[in-house]
Structures are given as C-alpha cells and as structure tokens.
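Participant: I'd like to ask some things about the structure below.
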Amino acid sequence: MICEAIAIRGNGARAPLLHAALETSKDLRVRYDAARAIRHLAQRDSVGPLIAVLGKLNNRQWPILVQVCAALADIPDARAVEPLIAALAVHEKPDDRFRQEIVYALRSITAPQMDVLASSRANAWKTWWEQKKDGFVVN
Numbered sequence: 018m019i020c021e022a023i024a025i026r027g028n029g030a031r032a033p034l035l036h037a038a039l040e041t042s043k044d045l046r047v048r049y050d051a052a053r054a055i056r057h058l059a060q061r062d063s064v065g066p067l068i069a070v071l072g073k074l075n076n077r078q079w080p081i082l083v084q085v086c087a088a089l090a091d092i093p094d095a096r097a098v099e100p101l102i103a104a105l106a107v108h109e110k111p112d113d114r115f116r117q118e119i120v121y122a123l124r125s126i127t128a129p130q131m132d133v134l135a136s137s138r139a140n141a142w143k144t145w146w147e148q149k150k151d152g153f154v155v156n
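Going by this note's numbering, the first residue of the sequence shown is number 18, and it counts up by one from there.
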C-alpha cells in the first residue's frame, strides 16, 4: 500500500524507500509493489537499484523480474544493457517466459539505434553490444 501511495503521489523524493523495499524486503508482494512504484515514478536514479536486483532474481520471483524489466524498459539507460544481456543468458531456454520480458527491455533501450536484430539469443545481443556500446546514446 505505501509503495502504491508513493507512486500515485509522484513523490520522487521517496524513491530511496522504494529502492530499499525492492532490494531488502523478505515479502514478495512488497518487492513487487516497490518495483511497480519505481516503474511508475520512472526516475533515472532508480536504474542502479533495478540493475542490482535484476542479477539476484530467480524463477520463483518471476513477478518481480517482470516488473524490473518493465521498469528498465520505461527508464531506458545504457547501463542496463549488459546486465539485461547477462540475465538473458541465464534465461536462454526456448520455453523460458522471462526471455520475452528481458528482450522487451533490451529493445526498448536500444531500438532507436539498433540494427535489425530479431534474435532473442544472449550471444547475438552480446556481439551487437560489443560493436555498438562505444558511443551508444539512448534516444
């Protein structure tokens, strides 16, 4: 409830509380709500905490992973590309639902400058990023 209230009020000064809830709460619902609120606020200073959480999530925490990827898609930042590629490598199985979420976030960040890259394979993204990262600017 409090996470939602922060988001509704648009109180960006409270974003550090959301970051802490996302990173440290033992309650899955609180972490989910914090990620949704962070997405709603869409502040650039939230990218670091979102990236930090991304690498620690497992399949049992899928609702949080979905919200973190959506937030990273809504707050496009080049700092998220490598961690998203790393997450994609972990979720590389063809039937892994999270690939979709991760690829969506990657495409949201890179689409304006991305060559035609239809692949959802981590190695293809890694190769592309190695070629493009120097000088890459998010539009």
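Built from N, CA and C at the ideal position, the CB exists for glycine as well. Predicted, not measured: the structure shown is a model, and the values here were computed from it.
Contact defined as beta carbons within less than 8 Å: I believe Arg31 pairs with Leu39. What is the distance between those atoms, to the nearest angstrom?
Facilitator: Their Cβ separation, rounded to whole angstroms, is 13 Å, which puts Arg31 and Leu39 out of contact at 8 Å.
Participant: Taking just the CA atoms, how far does Val120 sit from Leu3?
Facilitator: Residue coverage of the chain in this structure runs from 18 to 156, which leaves residue 3 outside it and unanswerable.
Participant: Work out the CA separation of Arg56 and Glu147 for me, nearest whole Å.
Facilitator: When rounded, the distance between both Cα atoms is 28 Å.
Participant: DSSP state of Pro80, grouped into three classes?
Facilitator: Correct three-state label for Pro80: helix.
Participant: Asp91 and Ala59: beta carbons closer than 8 Å?
Facilitator: Cβ atoms of Asp91 and Ala59: closer than 8 Å.
Participant: By Cβ distance, which residues of its chain are closer than 7 Å to Leu35, with the 5 residues on each side in sequence left out?
Facilitator: Cβ within range, chain order: Cys20, Ile23, Ala51, Ala54 and Ile55.
Participant: From the DSSP output, in three-state form, read off Val155 for me.
Facilitator: Coil.
Participant: Tell me the rounded alpha-carbon separation between Leu123 and Lys150.
Facilitator: Going from the Cα of Leu123 to the Cα of Lys150 covers about 13 Å.
Participant: Is there a Cβ from chain B that is less than 8 Å from the Cβ of Asn75?
Facilitator: Here there is only one protein chain, and chain B is not present.
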